[in-house]
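Chains as they are written, first to last, in my numbering: chain A, 1 to 437; chain B, 1001 to 1320; chain C, 2001 to 2318.
Note that CB positions come from ideal geometry on N, CA and C, so glycine has one too.
Working notes for the structure below.
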Amino acid sequence: MVSLNKRIFASVAAVAALSMGLAGCGSSGSDSNASSDPNEKVEITYMHRLPDNAGMTTVDSIVKQWNKEHPNIHVKATKFNGNASDMIKKLETDVKSGNAPDLAQVGYSELPEVYTKGMLEDVTQYAEQYKSDFASGPFNLMQVGGKYYGLPQDTGPLVYFYNKKAFDDLGISVPKTQSELLDAAKKAAAAGKYIMSFQADEAGNMLTGLAGASGEWYTIKDDAWVVNTMTKGSKSVAKVFQDLLDSKAVATNPRWDPSFDASLQKEQLIGTVGAAWEAPLLMQSIGESGKGNWAVAQLGDWFDNAGKTGPDGGSGVAVLKGCKHSKEAMEFLDWFNTQVDALISQGLVVAANSKDAKTPEEWKTYYDGQDIMQEFIKANENMGQFTYIPGFSAVATAMTDAASKASTGSQSMLSIFEAAQSTSIDTLKDYGLSIAE
Amino acid sequence: MSATTQTAVKRRGSSTKRSKAFRREERTGWAFMAPFCILFLVVFVIPIIWAIYQSFFQQVATGGGAYGGGSLENKFVGFANFQYVVTSSAFWQGIGRVLIYTVIQVPLMIIVALALAMLLDSLIVKHVSGFRLLYFLPYAIPGVVASIIWVFLYNDQISPIVKFLEMFGVHPDFFASNAVIASMANITTWTFTGYNMLIFLAALQAIPHELYEAARIDGANGWQIAWRIKLPNVRGAALLAMLLSIVGTIQLFNEPQVMQTADPSISDSFTPMMMALNTSRGSLTPKGDGPASAIAIVMALIAGLLAAAYAIVERKVNES
Amino acid sequence: MTSELASVDRRLIRAQQRKADKMREKAANDLPPSLQPKKPVKVLTIIVLVLAAIYFMFPIYWALIASTKSPSQLTDSNGVWFAVGLDKLPDAIAANYATLLGWTKGYFWRWVLNSLIYSGVSAIIGTVVAVMAGYATAKFQFRGKGVAIGIVMGSMLMPAALLTIPQYSIFNAIGMDNTMLSVIIPCCVSPFGFFLGSVYAQNSVPDELLEAARIDGAGEARIFFTIVLRILAPAMVTIFLFLFVATWNNFLLPLMMLSSTDLQPVTLGLYGMVSLATFTDRGALMMGALLGVLPVIVLFLFLQRYWKAGLAAGAVKG
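Here is the structure:
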């Protein structure tokens, strides 16, 4: 009971503090950045969803380092324990009531929507000076309509993971062209193995990335969206997977189902397209038995992508509306997002410009000595430009739905991209945004 | 209720003191109600009013253009959200799924729970409390974790259950489109049967033993005692459990949400509750709190209708 | 006078209870031969009960085994037995325990404690409040009673999960989000608890007893806290358990309300493990879930005594 009373007291105090805080808000005016006293202590709050697993350099310890070196800019990091959509939901409420954290992790595909929802603070004036610290592709994904709202953290270029030993046993190599891919897949299938997987649960992200490698879906003309998800790349992706599915030469286990792991362990699935950040996850999924057998390669010209690859996932850290110390927040952010080694330990392929990003020893031994980080950097530089629309999450959901029907053969692969087209139009309309006819 | 009224009237007997006593009773009644009512106001009433208010709005971007003006505004849309819900085929398919669930899973679970409670109460077994604990344990496992466990046990490559059945030449596919609802129902049954059984057992054990004695003297056997004395005495508890399970089923969420990872054909609008939450989270369009609230309200109305229908049927059966 | 009355009442209940226990025992032992269940019936009953126990326990057993496995062992080893030899088992357990503590950043036991506080406090407040309200509707006449009951029962139809967002807005607006109370307050209101309380009070609190106490000059509050609560003990155990488990398993509410790591309940931590799409360490998750369930089991075993003691005083009746 004593502690309960204390709590009640604390919350009454909190209410009082809040009303005082509100009063302070009203008087201080809108631009408090201009009047930053160099000796003033500022506090920056940062909400993230990084894994913080055992054996990783935790976010807290990175932040501690910063706090030690910068006594005037104190950063407090909190981890959100839910998924991305729950986090955005929470932040939306926080922004509305004016007590959101200053910085928050936002996926590239979510950034336009988060902007439309009015959750972001324009930090273009501070972003420019950090431009050279990051790869240009991810750096530009943190802008909406020419203005910048944060800095990129990690990227997810699509690459090809394959079991080299099993490939050698079958006498195949990583295919270079579409016809080579189909031939190799059928040859493997004849031996009861798959060199490609069709992951219905990841369709919204991965298929968009694969199709996006050859050209954009969304472009802006006169401040209105031109939506075309039926590009040459999309049709090519549909054709290849349809062919593979029809000839039973592709695994159809959902990516995050345990059966996916099982088929890797049984060496049924010996090759799959995946985002770079999947490297440590695949190590876990395959387990000890596959150690030293796996390797990473660039995607071939399989989907009329002319050697380009596309994005799958990856996120940046955005400055949220209401942040009172954008300058300091960006200063910290630039530092944090360039802590390459620590971020790699979290399983990220960093967006920071760092030629000498090292492959962790553990990864290197697992992938038979291959310097896979170099492969990822190469893929990153080779990534096609792709712009997402506000409300893309609904498009991804619709694609996943269609893909699960396509994987059982009750719909065509092409229907996935048709669903993307109609849902893209719907979601833009529901937001009251302009669409070019 | 009628007994209470009678005593109340009796107590109010003398007419001079009547209004004073009545006022006192009223004050006492509300005094006892007050703590609950205050909490209820904060936790239920205000949020529900908020949800109803929200359901007449949609969140649209200010300014239009490609990205909008960088903020959302609440646009009054009248009944457009409700129109969207009642004309949405995804919504009615979801309702259809939970109705199947209601018709099959709920009665099945209640019957199993009742049967287990009767067996435990039958004096045949000695270790009642041991069994009671074993049956109750699944209820203590959080719904999300229970679903994860079962997703493993359904998996055709990993599950020891599938391997066991395959020894007999049976190749079950728990995720086949015609089986997936049954697989889901099994998770719910597994989780909640024990809790229901517990309530029934408590009701059974509260039956005065004079009743059994009397019945035995009249020469009734075990079955007859079960049918004539025990069953009628747990009826109230059973009907209540049924009603609660129906309402709970309309809100089915955890099981399909987790099973979705193993079976992407379970869509984001598989059940109305999933549709509502995913609309609120933004993975379905139209999105936002307006349409999500409308879904929740239509759901609540349907649940209310079902509960009312159930109550009416129950009364009819009771009368005849 | 009231205390005297209460003790008489207590003695009465205890005597009643003893009688019931004795009768039950007698009934079990002294059944006339014709009424003793026949051997086949007995065997069949036990078979059915054991089969049911296997059904309920097998998944938990599987989870227990799984909690000692690494992600790859989970999918490639025999599901019903440990993946490593018994001699290596402690290492396997230690490995997953380390993973679990790593995931939860050493907060695991703190979170279990938080869960205990949330569930315990909200279940106690919720039970008392619900029983008070239930007692009021069962035993008193007052204006607006029908409407109040109607509104409370009607609110059961509203999906509670969707009220979480507006609840968060309210607590956020008054600056009370991210406090323990922001989880406890919403969790201690249960329309179901209110309903149970009302039914129980109606069935097992005799009007005569209340009348007698009033004639003795006992105040209403005193009557409630000394007599009624005691009679309603078994009912309260049922409501308490319901509220306790409901709070324990709730994750959406704390997910929205809390941002401080040291305030989180254990389910939220576990949910955090699951909700990252990239999560594969399910063995450690199972270990967390089972360790997290332990307090609930202990609580159940502990409450079981009270349940038994209170049975004679009457539970749910038709």
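Exclusion of the five residues before and after Phe-386 (chain A) leaves Gly-212, Glu-216, Gly-310 and Pro-311 as the residues of its chain whose Cβ lies within less than 7 Å of its Cβ. Counting of Cβ neighbours within 10 angstroms places Trp-225 (chain A) among the buried residues, the total reaching 16 or more. Looking at the backbone, the Cα of Met-2256 (chain C) and that of Thr-2164 (chain C) are separated by about 8 Å. The C-alpha of Asn-83 (chain A) is placed about 37 Å away from the C-alpha of Gly-2085 (chain C). Buried is the label assigned to Asp-430 (chain A), since at least 16 other Cβ atoms lie within 10 Å of its Cβ. Assigned with DSSP and collapsed to three states, Leu-2157 (chain C) falls in coil, not helix or strand. Take the alpha-carbon of Gly-2197 (chain C) and the one of Phe-1036 (chain B): they are about 12 Å apart.
At least one CB atom of chain C sits nearer than 7 Å to the CB of Gln-284 (chain A). As the crow flies, the alpha-carbon of Asn-305 (chain A) is around 7 Å from that of Gly-233 (chain A). Contact check for Phe-2194 (chain C) and Ala-2130 (chain C): beta-carbon distance about 5 Å, within the 8 Å limit, so the pair qualifies.
Between the alpha carbons of Ser-424 (chain A) and Ala-398 (chain A) lies a gap of roughly 9 Å. For Pro-152 (chain A), no alpha helix (DSSP H) segment is defined; the enclosing uninterrupted segment is the beta strand (DSSP E) at 150-152. Taking all protein chains in view, the Cβ of Asp-201 (chain A) is crowded by 16 or more other Cβ atoms within 10 Å, so the residue is classified as buried. Going by DSSP, Ser-315 (chain A) is part of the beta strand (DSSP E) stretching over 315-319. Taking Ser-289 (chain A) as reference, the option from A:Lys-68, A:Ala-262, A:Met-413 and A:Lys-248 with the minimal CA-CA separation is A:Ala-262. Among the CB atoms of chain C, one or more fall inside 7 Å of the CB of Ser-97 (chain A). Under the Cβ distance rule, Tyr-2135 (chain C) does not count among the residues neighbouring chain A, no pair being separated by less than 7 Å. In the three-state reduction of the DSSP assignment, Leu-50 (chain A) falls in the coil class. Between Pro-138 (chain A) and Gly-314 (chain A), the beta carbon gap of about 7 Å places them in contact (Cβ cut-off 8 Å).
The region 250-266 of chain A makes contact with the region 1147-1161 of chain B, as at least three CB pairs between them are under 8 Å.
Against chain A, the CB of Tyr-1067 (chain B) has a partner CB under 7 Å away; the residue lies at that interface.
Tyr-366 (chain A): not part of any beta strand (DSSP E); member of the alpha helix (DSSP H) spanning 361-366, first to last residue. With three or more CB-CB distances shorter than 8 Å, the region 1137-1154 of chain B counts as touching the region 1251-1266 of chain B. Every alpha helix (DSSP H) stretch that sits fully inside the region 1073-1121 of chain B and reaches 4 residues is listed by chain position as 1080-1087 and 1089-1120.
The beta-carbon of Val-1060 (chain B) is placed less than 7 Å from the nearest beta-carbon of chain A.
Shown in chain order are the members of the region 2157-2179 of chain C whose Cβ falls below 8 Å from a Cβ of chain A: Ile-2165, Tyr-2168, Ser-2169, Asn-2172, Ala-2173, Ile-2174, Gly-2175, Met-2176 and Thr-2179. Residue-level contact check: Thr-2247 (chain C) does not touch chain A, since none of the beta carbons of chain A fall below 7 Å from its beta carbon.
Ala-342 (chain A) places its beta carbon less than 7 Å from that of Thr-57 (chain A). If you ignore the 5 residues before and after Ala-1237 (chain B), its C-beta comes within less than 7 Å of the C-beta of Ile-1199, Phe-1200 and Ala-1203, all in its own chain and listed in chain order. About 5 Å separates the Cβ atoms of Ala-251 (chain A) and Leu-269 (chain A), confirming a contact at the 8 Å cut-off. Measuring C-alpha to C-alpha distances from Ser-1071 (chain B) to each of A:Ala-295, A:Lys-117 and A:Leu-207 identifies A:Lys-117 as the nearest.
The shortest CA-to-CA distance from Ile-1302 (chain B) to any of C:Met-2158, C:Ala-2092 and C:Arg-2143 is the one to C:Met-2158. Out of C:Ile-2151, C:Leu-2209 and C:Thr-2075, the CA that lies nearest to the CA of Ser-2190 (chain C) is found in C:Ile-2151. At a cut-off of 7 Å, the C-beta of Leu-2064 (chain C) has no neighbouring C-beta in chain A. At a cut-off of 7 Å between beta-carbon atoms, Pro-254 (chain A) makes contact with chain B. Taking the C-beta atoms as reference points, Lys-1075 (chain B) is found nearer than 7 Å to Gln-1058 (chain B).
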